[in-house]
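Novice: Residue numbers (our numbering), protein chains in the order written: chain Z, 41 to 517; chain X, 41 to 517. Don't be surprised by glycine CBs; every beta carbon is placed ideally from N, CA and C. These numbers come from a predicted model, not from an experiment.
Protein chains: 2
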Amino acid sequence: MSAAKPQNHSQKLAEVRHHILDLLLNNDDLADSILGEKTADPRNTLLMDQTADLSASVATLHAADLADILEALPEHQRLALWSLVEPSVRGKALVEVSETVWDSLIEEMSDRDLLRAIAYLDLDDQVYLAEYLPRDLTGRVLTSLEPRLRDKVREVMKFGKSSVGRIMDFELLTIRPDVTLAAVQRYLRFRKIIPKGSDKLFVTDRNNLLLGELPLTTVLLNAPLQRVEEVMNDDPTTFSPDDKADDAASAFERYDLITAPVVDLKGKLMGRLTVESIVDFVNEDSDANLRRMGGISPEEDVFSPVGKAVKNRWAWLAINLCTAFVASRVIGLFEHTISELVALAALMPIVAGIGGNTGNQTITMIVRGLALHQVQLSNMPFLLLRELGVALINGLIWGGLMGVVTWLLYGNMAMGAVMTLAMVLNLLVAALMGVLIPLTMVRLGRDPALGSSVMITALTDTGGFFIFLGLATIFLL
Amino acid sequence: MSAAKPQNHSQKLAEVRHHILDLLLNNDDLADSILGEKTADPRNTLLMDQTADLSASVATLHAADLADILEALPEHQRLALWSLVEPSVRGKALVEVSETVWDSLIEEMSDRDLLRAIAYLDLDDQVYLAEYLPRDLTGRVLTSLEPRLRDKVREVMKFGKSSVGRIMDFELLTIRPDVTLAAVQRYLRFRKIIPKGSDKLFVTDRNNLLLGELPLTTVLLNAPLQRVEEVMNDDPTTFSPDDKADDAASAFERYDLITAPVVDLKGKLMGRLTVESIVDFVNEDSDANLRRMGGISPEEDVFSPVGKAVKNRWAWLAINLCTAFVASRVIGLFEHTISELVALAALMPIVAGIGGNTGNQTITMIVRGLALHQVQLSNMPFLLLRELGVALINGLIWGGLMGVVTWLLYGNMAMGAVMTLAMVLNLLVAALMGVLIPLTMVRLGRDPALGSSVMITALTDTGGFFIFLGLATIFLL
C-alpha cells in the first residue's frame, strides 16, 4: 500500500498536454511518419522513440482530456495522434470530442472500425453517436443491439432534443419494498456491480411502478433487519421524459441531487438521470449559447478550415449588412441637412452607439430575469417603467454632458440642445425595445437570447440617426 | 406505504410560484396587512385566509425555490413574504438568494435574528454569509463558533476567491486502512450519519495523511471480512486548496466525480469538494460572466431601484461614450471631405458596423478556444492566418457587393471601389485585433472575455471611419 502522492491534478495534465502538442507541432516529420506518408528510415531512431513516447503519453490520458488535445491540433497532426489511440478508447473519445472534429476523425475509419469503437460504449452514448455522427449509422448500431435494448432505444429517440428523455440512461438497479436491508446487501454482493454514479437504488413493485428510492447511505446506516419500505424515501423527486432538460438541471442544482428516477405518466420507472449527464448537458448548452450570441455556428471551431468558417459566418454578416444598409439609407434621407451642417455627420454615431449600448444592457437583464423566472407578465409594467426611468436619467445626465461638449466644440447652443434631446429620446427607444423584444420573442415561443442583440442594435442605430438628423432638420436649418 | 404519485416536478413548482405571486401582486392590501402597516380588520377574513394560504405555500417550498420567488417580487411584497418565512429556513434562503436582494431582506432583521438564522447552516455556508453579507458579521459569527472550527474558518478565508479552498467543505468521514468492511459498517451505524452527498469515505493514517478513498459502493459490494486497504482506491484524484475552482470543475466533469479530497502540500487531508458546490460555483460564475459581457454589475437585478441601476451602468456608458467621442473626432477630421461628398456620411456606418461584427465573431472563437486550452502559443500563427483569410474572403465578397451597390446608387464607380477597399481593410483590422486583443489580455493575466468586445468595437469603429474617409480624401476629391 503506497501513500497517495499529493499531486496537483491540473498541473500534471497540463504537462502531458504540453508534451504531446510540443512533439507534434515542432516536428513535421513525426506526423508524416506516424501516418506512413514518408517511409520512415528505420535508422531514424529519434522518430521511432518519439512515436513510442507519444503512444505512452496518450495511453495515460482520460478520454475527455484526449478529446481536448485532439481539438487543439491542426488536421494533419490530429489524424496522426488519432491513429495512436486504442480502439477501446476511441468510442469514448468520440463522445467527448466536439462535433466539429468528428469529420476528420472518422474519415479514415471504416464503418466496421466505427461500429467496433461504438460497441465499447454505454447504451446512451451509443445512441448519441449513432444519431449524430455524420455517417448515418443509426440503423446499423440498432441491429447490433439485442432486441430488448433495440426497442428501448427506438423509444428514447422519439423524445425531443433537450428533453429529459434524451439524457436519461437505463442503468437501473431496482429492488422490492418487502425485503430486508441484509437481503439487499446480499443481492448487491451477488450482482457484484452497481451502476456508475449511483447514490440510491429504486424501489418498484412487480409492475415496475416506482414506490420510492433507497439511498445507499440508508442501507449502510440502518439495521440489517429493517425492511426496505420502512426506511426508503417514498416521495422522491421524479422527472418525466418530456420535461425540459433545463428544468431538470435547475432541480438538480436546487435539491442537490446525484441521481433521480424518470417515470412515465402512469408512474412506471423508465430510466434515471445522473448529475454527470446533467453537468454535460449544461456545459454543451452554455457553449452553444455563447456561440449563438456571437453569431458563430456550433459547427465551427478554431481549427475549421477557412472555407468552412467563411460559410458559417455568412448568414450573420448578411443580416448585419442589411441592417447597416437600412441605417445608411436613413442617413441618406438627410443628405441635404448634413451638407448644410457637416458637424452632424461626426456627432450622429454617438447618439446611435449609446442607444445600442443601453439597449443591450436592458436585454441582458431581461433575458436573465426570464431564465430565472423572475420576469412574468404580472410584473412587466413595473419593469418597463423601471427601464424607462433608468434610460431617462442616463439620457439627461450623459445627453446633457454631450450637449454641453457639442455647444463648446461647435459654438452652437441649439446644436447642443438637439444632441441632448436626441440622446434622451434614443435611450428611451432603446429601453422600450430592450424590454419588448425579448418578451415578444418568448411570446412567439422563441429563444429570447438569440438575435435580440442584433435587433436592438439595428433599431437603435436606425432610430438614433433618424431622431438626431430629424430634430436637426427641424430646429437647426 | 403509498405509491409515489407520478407528479411532474417543474409543473408543481410553477403552480406554487404562480399562486404566491398572484396572491401578493394582485392585492395591495395583503402585503400591507402582513407587514402590519394597516391594522387588519379582524372581520376581514379574506385577508386572514390569504395570509394563512401564503404561509402554507411558503412552508412547502425548498429554500432555493423560495429564494427565486423572493427575487421576483418588488420590495414591499418581498418583505411581506419574508416575514412569513420560518427562522430555520431563513439562513438557507439567504444563501440561495442573489446578493442584490440581501439588502432588503436583512434590513428589518436584528443582528441577533441574523446570527440565529446563520446558526442553522453548515460551516461553509456560515462563512459565505458572514463574509459577504452587507453588515460586517464575520467577527460575530466567528465568536459564535467553537474554537476548533474558528481556526479552520480563519484558515479557509485566507484562500483566494474562486479557489478550491473557498468552495471545499469539512464534512469528512475518515477511516483507517487496516479495519474490515464489517467494522466500517458498524462504525457507520454507530455514527448514524454520513455527510450529505457522500459517495465515498476517506482513508487516512494517524497523521491525517490521505492514503486512499473507499467508495460506499465498494463497502456494499465486497465481503465484510475484507480490509479497507485491500479494496480502497489508492490513487484518487486530489485537489489542493490553491487550485482554481474552474479547473476543479472541469476535472469533475471529465472524470464524473461526485466528491473528491482536498489535500495540502504534504498530502494531509484538509477537506472535500462535492459536485453540489462545483455546480453552484459554475452557475454563479457563468451568471457573472453573462452580466459582465453586457456591462451590468453583479449587484443589479431586474428589481433593483432605478437609482441603483443608473449607478451600476454608469462606468460602462461612460467608457462607451468616450470611445464614441473619439470616433466622432476622427470623423471631425474629415469634415471637409464630407462636405464635398455628403454620400460618405451615409456610407461610413456600414464600414464601421461590419468590422465590429467580424471582430466580435473572431473574439468569441478565440476566447472559447482559450477557455478549452485549444489556443496555445504554438498554434497562434496558424490561427492568425486563418482569421485573416476568413476576413479577406468575407471582405472581398461583401465589400465587393457593397461596392457595386454604392456604384449603382450614387453612379460613382470610384466611390464603389473605395467602399470595397475600405471594407476589406477594416475586416482585416478586425480579424487581427480580434486575435491579438484576447491573447494580450491573457498575457497580462486578465480575463479575455472581459472588455474585449468593447475594445474591438471601439477599434473597428474608429478604424473604419478613418480608413473609409481617408481613402475617400485621397481618391475621390
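Compare the beta carbon distance of Z/Asp283 and Z/Ser184 with 9 Å and say whether it is the shorter of the two.
Specialist: It is not a contact, given that the beta carbons lie outside the stated cut-off.
Novice: Counting only beta-carbon separations shorter than 9 Å, does X/Lys201 have a partner in chain Z?
Specialist: False, the Cβ-Cβ gap to chain Z never drops below 9 Å.
Novice: X/Thr299 lies in the beta strand (DSSP E); which residues open and close that run?
Specialist: Residues 299-303.
Novice: To which residues of the same chain is Z/Ala498 closer than 8 Å at the C-beta, ignoring the five residues directly before and after it?
Specialist: Excluding sequence neighbours, Z/Ala498 sits near Thr363, Val366, Ala367.
Novice: What's the gap between the Cα of Z/Leu163 and the Cα of X/Arg408?
Specialist: So the two alpha carbons sit approximately 30 Å from each other.
Novice: If the cut is a Cβ gap below 7 Å, which residues of chain Z does X/Tyr172 touch?
Specialist: Neighbours of X/Tyr172 on chain Z: none; closest Cβ ~19 Å, over 7 Å.
Novice: So, at 7 Å on beta carbons, what are the nonlocal neighbours of Z/His116 in its own chain, with the 5 sequence-adjacent residues on each side left out?
Specialist: The answer, listed in chain order, is Ala71.
Novice: Cα separation between X/Ser128 and X/Val268?
Specialist: X/Ser128 and X/Val268: Cα-Cα distance of roughly 39 Å.
Novice: How should Z/Leu265 be labelled, buried or exposed, when 16 other C-beta atoms within 10 angstroms of its C-beta is the threshold for buried?
Specialist: Z/Leu265 should be labelled exposed.
Novice: Helix, strand or coil for X/Asp501? Go by DSSP, reduced to three states.
Specialist: Residue state, collapsed to three classes: helix.
Novice: According to the Cβ coordinates, are Z/Ala112 and Z/Arg194 closer than 9 Å?
Specialist: Not in contact: Z/Ala112 and Z/Arg194 (Cβ atoms no closer than 9 Å).
Novice: For the beta strand (DSSP E) holding X/Lys240, just list the boundary residues, first then last.
Specialist: Start and end: 240-244.
Novice: Could you name the residues that DSSP lists as bridge partners for Z/Asn273?
Specialist: Answer by DSSP bridge pairing, in chain order: Z/Glu253.
Novice: I'd like the span of the beta strand (DSSP E) that includes Z/Leu309, first residue to last.
Specialist: Residues 309-314.
Novice: Does the beta carbon of X/Asp214 sit closer than 9 Å to a beta carbon anywhere in chain Z?
Specialist: Correcting the residue identity first, residue 214 of chain X is Thr in this sequence and not Asp. So no, X/Thr214 is outside the interface.
Novice: For X/Val494, tell me which candidate among X/Arg369, X/Arg486, X/Ala386, X/Gly399 has the shortest Cα-Cα distance.
Specialist: With distances taken between Cα atoms, X/Val494 lies closest to X/Gly399.
Novice: Can you pull the chain Z neighbours of X/Thr100, defined as C-beta to C-beta under 8 Å?
Specialist: The contacting residues do not exist; X/Thr100 stays about 12 Å from chain Z at best.
Novice: Let me know the secondary structure DSSP gives X/Ser42 once reduced to three states.
Specialist: Low local confidence applies: a pLDDT of 40 at X/Ser42 is under 50, so the model's placement there is unreliable, and no value is given.
Novice: Compute the beta-carbon to beta-carbon distance between Z/Leu256 and Z/Gly307, rounded to the nearest angstrom, for a pair I have assumed lies under 8 Å.
Specialist: Incorrect: roughly 23 Å between the Cβ atoms, too far for contact.
Novice: Could you give the distance in angstroms between the alpha-carbon of Z/Ala44 and the alpha-carbon of Z/Lys52?
Specialist: Caution applies to Z/Ala44, whose pLDDT of 41 falls short of 50 and renders its modelled position unreliable; the model cannot decide the point.
Novice: Quick check: the stretch 430-448 of chain X against the stretch 388-398 of chain X, are there 3 or more CB pairs under 8 Å?
Specialist: In short, these stretches touch, since the Cβ pair count reaches three.
Novice: Would you please state the rounded distance, in angstroms, between the beta carbons of Z/Ile507 and Z/Asn452? I believe it to be under 8 Å.
Specialist: Contact flag wrong, Cβ pair sits at about 18 Å.
Novice: Output the distance between the C-alpha atoms of Z/Val135 and X/Lys201, rounded to the nearest integer angstrom.
Specialist: Spanning the two alpha carbons is a distance of roughly 33 Å.
Novice: Hey, quick one: how far does the alpha helix (DSSP H) through X/Met420 stretch, first residue to last?
Specialist: It spans 420-434 - the alpha helix (DSSP H) in which X/Met420 sits, taken as one unbroken run.
Novice: With respect to the alpha helix (DSSP H) encompassing X/Val346, which residues constitute its N-terminal and C-terminal limits?
Specialist: Start and end: 346-373.
Novice: Anyone know if the C-beta pair for X/Ile207 and X/Ala96 falls short of 9 Å?
Specialist: Their beta carbons are not under 9 Å apart, which means X/Ile207 does not touch X/Ala96 by this criterion.
Novice: Would you list, in chain order, the members of the stretch 84-110 of chain Z that have their beta-carbon closer than 8 Å to a beta-carbon of chain X?
Specialist: Against chain X - using a Cβ distance shorter than 8 Å - the residues of the stretch 84-110 of chain Z are His102, Ala104, Asp105, Asp108.
Novice: Would you say Z/Arg229 reaches chain X, if we count a Cβ-Cβ gap shorter than 9 Å as a contact?
Specialist: Yes, Z/Arg229 counts as interfacial toward chain X.
Novice: Just checking: is the beta-carbon of X/His59 within a distance shorter than 9 Å of some beta-carbon in chain Z?
Specialist: Chain Z, which has no Cβ nearer than 9 Å to the Cβ of X/His59, makes this no.
Novice: Would X/Phe242 and X/Pro301 be called neighbours here (beta carbons separated by less than 9 Å)?
Specialist: Contact flag set, yes.
Novice: Would you report the Cα separation of X/Thr220 and X/Thr258, rounded to the nearest angstrom?
Specialist: Straight-line Cα distance between these residues: approximately 12 Å.
Novice: I want to verify the contact list: residues of chain X whose CB lies under 8 Å from the CB of Z/Val259, in sequence order.
Specialist: Within 8 Å Cβ-Cβ: Leu260.
Novice: Name the DSSP bridge partner or partners of X/Ser203?
Specialist: In the DSSP output, where bridge partners are listed per residue, X/Ser203 has X/Lys284.
Novice: Please compile the residues from chain X whose C-beta is within a distance smaller than 9 Å of the C-beta of Z/Pro389.
Specialist: Neighbours of Z/Pro389 on chain X, chain order: Ala364, Ala367, Ser368, Ile371, Met388, Pro389, Ala392, Asp501, Phe505.
Novice: How is Z/Asp487 classed by DSSP in three states: helix, strand or coil?
Specialist: Note: Z/Asp487 maps to coil in three-state DSSP.
Novice: Check the C-beta distance from X/Leu297 over to X/Val315 and give it rounded, since I have them as a contact under 8 Å.
Specialist: Right, their Cβ atoms sit about 7 Å apart.
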